[in-house]
Amino acid sequence: MAAVLAVRRADLFLTGKRPLSAGQLELWEKYVAMRCRRVPLQHILGSCPFGAVDLLLSPSALIPRPETELLVQIVVERLSKNPPKSVLDLGTGCGACALAIGKAFPAATLTASDISLEALALAKRNGDRCQMADRINFVCSDWFSQLHGKWDLILSNPPYLSEEEWQNSSPEVRLGDPPLALLGGGADGADALKTIIGHAGGHLNGGGMLALEMGIGHGAVLSSLAKQNGLRPQVFCDFNGHERFLICRG
């Protein structure tokens with residue numbers, strides 16, 4: 553309703569009752585019908601906030617989650633005294649992590665990669681929307697396959713659901729997000745994460761940081777893999793107390 557009336561949500565409670573115009577009523581009924589079909593709210597409205605940026609959305613990319621906002625927050629807090637000069641966002645989707653990090657570290661150069669051309673097109677639109685397009689190099693790449701160079705910070709919210717977890721997820725997830733952005737591969741859904749960890753060391757500057765969102769139960773095996781690849785891992789929990797983030801130093 554706040555979107556229909558073009559007001560803030562708080563204003564709905566401050567202004568009391570008001571009549572809807574015919575156009576507003578038609579839009580309200582359209583939105584409610586879409587939500588009843590389990591279309592995600594973010595796709596109905598076409599955008600959502602993510603940290604300090606506001607992002608356009610489409611079914612071509614994952615809807616950003618609060619957990620990923622927390623990943624960005626953890627990274628920003630840990631790097632606040634020594635800001636990164638170069639940042640790589642792997643599997644950027646709509647560009648959420650790259651743009652939020654770019655907002656926090658305005659002097660950093662940004663690279664955003666994704667295997668999906670449709671997702672990259674959306675990320676570019678968001679780069680323009682956030683007035684950061686001139687700072688971002690967009691690259692179509694299957695993880696590191698088309699990326700050359702090293703970065704101070706590499707972060708990613710890659711797909712990490714197993715097939716079973718995806719099948720048991722809500723209709724909003726199964727119908728609203730592309731499977732490419734959700735299914736991580738392998739019995740435990742961790743194949744994409746393992747690929748990233750296996751190659752990240754060669755793309756990190758000395759003392760650089762690798763920051764990953766991961767699935768429940770991935771912490772121990774990914775920490776072990778990180779150590780095998782010369783990285784120093786630390787696991788952080790999400791809002792629900794689940795091990796959700798792997799922060800590694802090169």
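Taking the working numbering, the leading residue of the sequence shown gets 553, the next gets one more, and so forth.
Here a beta-carbon is modelled for each residue, glycine too, at the ideal position from N, C-alpha and C.
1. Among S665, P730, S775, which has the Cα closest to the Cα of L609?
2. I need the boundaries of the beta strand (DSSP E) containing N689, first residue and last residue.
3. Is the beta carbon of N781 within less than 7 Å of some heavy atom of the ligand MG?
4. Extract the residue ranges of the alpha helix (DSSP H) inside the segment 642–670, only unbroken runs of 4 or more that lie entirely within it.
5. Looking at C-beta atoms only, is the number of pairs between the segment 657–676 and the segment 741–749 that lie closer than 8 Å three or more?
6. Between the beta-carbon of A648 and the beta-carbon of T620, is there less than 8 Å?
7. Considering only residues of the same chain and omitting the five flanking positions on each side of H751, which have a CB-CB separation below 6 Å?
8. For the segment 562–577 and the segment 684–696, state whether three or more C-beta atom pairs, one from each stretch, are separated by less than 8 Å.
9. Could you give the first and the last residue of the continuous beta strand (DSSP E) run that contains R784?
10. Buried or exposed for R560, please, with buried defined as at least 16 other CB atoms from any protein chain shown within 10 angstroms of its CB.
11. Of the residues A604, Q698, L623, G759, which one's Cα is nearest the Cα of D790?
12. I need the boundaries of the alpha helix (DSSP H) containing F797, first residue and last residue.
13. Only counting the same chain, and skipping five residues up and downstream in sequence, which positions put a Cβ closer than 6 Å to that of N757?
14. Less than 8 Å between the CB atoms is what I'm expecting for L727 and I749, so what's the real figure, rounded?
15. Would you list the residues sitting across from W703 in a DSSP beta bridge?
16. If I'm right that M766 touches L798 with Cβ under 8 Å, what's the distance once you round it to whole angstroms?
17. Rounded to the nearest angstrom, how far is the Cβ of L597 from that of C646, given a contact under 8 Å?
18. Which value, in whole angstroms, describes the spacing of the CA atoms of L783 and A763?
19. Residues in the same chain with beta-carbon distance under 8 Å from Q698, minus the five sequence neighbours each way, listed in chain order, please.
With the structure as the only source:
1. Along the sequence shown, one-based indexing puts residue 609 at 57. Cα-wise, what sits closest to L609 is P730.
2. Locating residue 689 in the sequence shown gives position 137, counting from the first residue. Looking at the DSSP string, the run of the beta strand (DSSP E) that includes N689 is 688–692.
3. In the structure shown, the ligand MG is absent, as is every other ligand, since no ligand is present at all.
4. 648–656
5. no
6. Looking up residue 648 in the sequence shown gives position 96. Looking up residue 620 in the sequence shown gives position 68. Yes, Cβ-Cβ distance for A648 and T620 is below 8 Å.
7. As a first step, residue 751 is located in the sequence shown; it is residue number 199 there, counting from the start. Hits under 6 Å: F696.
8. no
9. To locate residue 784, count along the sequence shown from 1; it is residue 232. That run of the beta strand (DSSP E) goes 784–789.
10. To locate residue 560, count along the sequence shown from 1; it is residue 8. Under this definition R560 is an exposed residue.
11. By 1-based counting over the sequence shown, the position of residue 790 is 238. Among A604, Q698, L623, G759, the Cα nearest to that of D790 belongs to L623.
12. The residue labelled residue 797 in the question sits at position 245 within the sequence shown. Counting along the chain, F797 falls outside any alpha helix (DSSP H), though it belongs to the beta strand (DSSP E) covering 795–801.
13. Numbered from its first residue, the sequence shown carries residue 757 at position 205. Same-chain partners within the cutoff: K702, D704.
14. If you number the sequence shown from 1, residue 727 lands on position 175. If you number the sequence shown from 1, residue 749 lands on position 197. That pair is no contact at about 31 Å.
15. Counting from one through the sequence shown, the residue named residue 703 turns up at place 151. Its beta-bridge partners are L756.
16. Mapped onto the sequence shown, residue 766 falls at position 214. Mapped onto the sequence shown, residue 798 falls at position 246. Confirmed, Cβ separation roughly 6 Å.
17. Counted from its first residue, the sequence shown places residue 597 at position 45. Counted from its first residue, the sequence shown places residue 646 at position 94. Wrong, their Cβ atoms sit about 14 Å apart, outside the cutoff.
18. As a working note, residue 783 is residue 231 in the sequence shown. As a working note, residue 763 is residue 211 in the sequence shown. Cα-Cα distance, rounded: 11 Å.
19. By 1-based counting over the sequence shown, the position of residue 698 is 146. Closer than 8 Å at Cβ, skipping near neighbours: S665, V691, C692.
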